[in-house]
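Q:
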DNA sequence: TCGGAAACTTGACATTTATCAAGTGGCAGA
DNA sequence: TCTGCCACTTGATAAATGTCAAGTTTCCGA
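Chains as they are written, first to last, in our numbering: chain A, 1 to 231; chain B, 1 to 231.
#1: Going by beta carbon distance, what residues of the same chain come within less than 6 Å of residue 209/B, once the five residues before and after it are set aside?
#2: On a CA-only basis, which of 229/B, 177/B, 96/B and 92/B is nearest residue 158/B? Give me that one, please.
#3: Mind checking which residues open and close the alpha helix (DSSP H) that includes residue 8/A?
#4: Hey, which unbroken runs of the alpha helix (DSSP H) at 4 residues or more fall wholly within the stretch 136–200 of chain A?
#5: So within the stretch 12–96 of chain A, which uninterrupted alpha helix (DSSP H) runs reach at least 4 residues, ignoring any that extend past its ends?
#6: Listed from N- to C-terminal order along the chain, which residues in the stretch 183–206 of chain B have their beta-carbon within a distance smaller than 8 Å of any beta-carbon of chain A?
#7: Can you list, in chain order, the residues of its chain whose CB lies under 8 Å from that of residue 154/A, leaving out five sequence neighbours each side?
#8: Are the beta-carbon atoms of residue 42/B and residue 105/B separated by less than 8 Å?
#9: Please confirm whether residue 137/B has its beta-carbon closer than 8 Å to some beta-carbon of chain A.
#10: Please confirm whether residue 112/A has its beta-carbon closer than 8 Å to some beta-carbon of chain B.
#11: Would residue 86/B and residue 112/B be called neighbours here (beta carbons separated by less than 8 Å)?
#12: Do the stretch 82–96 of chain A and the stretch 169–176 of chain B meet, that is, are 3 or more Cβ pairs less than 8 Å apart?
#13: Quick check: the Cα distance between residue 71/B and residue 97/B, rounded to an integer number of angstroms?
#14: Who are the Cβ neighbours of residue 15/A in its own chain at under 8 Å, not counting the five residues just before and after it?
#15: So with CB distances below 9 Å, who are the chain B contacts of residue 11/A?
#16: Just the Cα atoms here: how many angstroms apart are residue 107/A and residue 3/A?
#17: Applying the criterion that 16 or more other CB atoms from any shown protein chain within 10 Å of the CB defines a buried residue, is residue 118/A buried or exposed?
#18: Do residue 57/A and residue 6/A have their C-beta atoms closer together than 8 Å?
#19: Please confirm whether residue 91/A has its beta-carbon closer than 8 Å to some beta-carbon of chain B.
#20: For a test of the three-state rule: what should DSSP assign to residue 204/A, helix, strand or coil?
#21: Roughly how many whole angstroms lie between the Cα atoms of residue 271/A and residue 184/B?
#22: Taking just the CA atoms, how far does residue 133/B sit from residue 77/B?
#23: For a contact meaning CB atoms closer than 7 Å, what does residue 221/B contact in chain A?
#24: Compare the C-beta of residue 152/A against all C-beta atoms of chain B and say whether one is closer than 8 Å.
#25: May I ask you to report which of helix, strand or coil DSSP gives residue 231/B?
#26: Identify the contact partners of residue 72/B in chain A, using a Cβ-Cβ distance below 9 Å as the criterion.
#27: Spatial neighbours of residue 61/A within its chain, please: C-beta separation below 6 Å, excluding the five flanking residues on both sides.
#28: Check for me: the beta strand (DSSP E) holding residue 109/B runs from which residue to which?
#29: Residues of chain A with a CB under 9 Å from the CB of residue 105/B: which are they?
#30: Is residue 217/A helix, strand or coil when you go by DSSP?
#31: Nearest CA to the CA of residue 139/A: which residue from 194/A, 47/A, 83/A and 224/A?
#32: How would you call residue 165/B, buried or exposed, if buried means at least 16 neighbouring beta carbons within 10 angstroms?
#33: According to DSSP, residue 103/B sits in a beta bridge with which residue or residues?
#34: Is it the case that the Cβ atoms of residue 146/B and residue 68/A are separated by a distance below 8 Å?
#35: Say whether chain A places a C-beta atom closer than 8 Å to the C-beta of residue 14/B.
#36: Interface residues of chain A around residue 44/B at Cβ under 7 Å?
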């Protein structure tokens, strides 16, 4: 495990306040692995062997049932995933696969749990992390239950615009995945984009241009209690 | 704050392993309040003054957006709600109202946060609680995104059957709320019940009878990764 | 006991969303 | 460069879900 990665991990809020000895103990059992595109990392139903940390690349969290599949979230550097399953030692609720070439740190679950029992700062940092995750999923549920698919798309575009600080930006994922993430079919996503044309959304391949922010905002009615992922 | 309630709270996993002095400190600031039916307890967007614990009765957690409303969960004794907002000191994402006459313990948020900083066992218990909540919401999202409304109803009925240990049972909430919880309109719920008739679901007012468990199970295809709320 | 309100149901209809099939266009590998 | 694959789009159609209006039932309070 190279020094540089270890420092990067140390900077994550989750590990920042740990005692040195515990952090080093965690890192001793850790290892880094490189994965090509579209590799399954974990499968829902299995029990967690490792806590994963994405250092480079990106990972799709998805779920399946009865032959159907839906994308639940995208994990980007630098952050962890499947923390709750690891801590509870309960089966994964989601599967994970790389979206591109990715570098991932694997921390043995048992180490994470045993150090969680000993390091108080670590335990508190995990509370913060889990609260954040919990609130993100609640927001997502509200998005799904309270909005139509076109409204979800409109608000998604506004969130992206804010992240990019620009009215013109590229989608960060394939449209088919975006459709799945937003809870619709790819065909329906195409039509939803068309439906936003009157509100000043211009689409050219992956490039999005918002020509009338006020108009789109008026339609989308974004709310911090659904769309602000930072609180 | 009567002794009996304090003991009841002490028995909750979240408080069971706290140090006596901290637990007593928490209880000193706590007070119990009785509420009639259909009283708003909290409103989404506000910042948390109290961590709530339902001792008797039941509470509806719901959310609104753009004039629409959806039921997110029901809280029954003895358990807490809005833990994540309290710990993060972030705005409530959901509103809460009593569904019936309810007795509720209120713990000042600041006390909870300050004791969370000091009591390590409490911090760890909160991790367990939050993991549980997080996983419950993830399961709910999978239910919503992967299943049709009729499938959601079928699985809901199977979960209720298991909770009640009986093929005949009464719905524990109004149908209009059940509809909202399952993400559909009351009219659609009526039709979904009709649609389950061929699979042996008999409805008489609030009373449900499952006459052919195998048939219903074959249709519903329940999965522990969605329907098992205990893991 | 008798209203009357509210929950629930039902039917007709509208809207939203999904499915299927065909076509377009871009891109990577031979 | 060519070719074939795959994502994406589009149109036609079907299915799921929501809306509206009217009726029925239930239950509570006068």
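Even glycine gets a Cβ: it sits at the ideal position worked out from N, Cα and C.
A: This is what the structure holds:
#1: 168 and 202.
#2: Residue 158/B has its Cα closest to that of 229/B, out of 229/B, 177/B, 96/B and 92/B.
#3: 3–10
#4: 149–164, 175–182 and 186–196
#5: 13–16, 20–29 and 83–88
#6: 183
#7: Taken in chain order, the residues that qualify are 196, 199, 201, 216, 219 and 220.
#8: no
#9: Yes, because at least one Cβ of chain A sits closer than 8 Å to the Cβ of residue 137/B.
#10: no
#11: Against a cut-off of 8 Å, the Cβ pair of residue 112/B and residue 86/B comes out as a contact.
#12: no
#13: Here the C-alpha atom of residue 71/B lies approximately 11 Å from the C-alpha atom of residue 97/B.
#14: 9, 23, 26, 122 and 125
#15: In chain B, no part has a C-beta under 9 Å from the C-beta of residue 11/A; the shortest such distance is about 21 Å.
#16: 15 Å
#17: exposed
#18: In this structure, residue 57/A keeps its C-beta atom at 8 Å or more from the C-beta atom of residue 6/A.
#19: yes
#20: Residue 204/A falls in the strand class under three-state DSSP.
#21: The structure shown does not extend to residue 271/A, since chain A spans only 1 to 231, so no value can be given for it.
#22: 16 Å
#23: 66
#24: no
#25: coil
#26: 138, 141, 142 and 145
#27: Cβ within range, chain order: 72, 73, 94 and 96.
#28: Not the beta strand (DSSP E): residue 109/B falls in the alpha helix (DSSP H), residues 109–118.
#29: Per Cβ cutoff of 9 Å: no residues; residue 105/B is ~21 Å from chain A at best.
#30: Residue state, collapsed to three classes: helix.
#31: 224/A
#32: exposed
#33: 34/B and 56/B
#34: Yes, the Cβ-Cβ distance between residue 146/B and residue 68/A is below 8 Å.
#35: no
#36: Annotation: Cβ neighbours of residue 44/B in chain A (cutoff 7 Å, chain order): 225.
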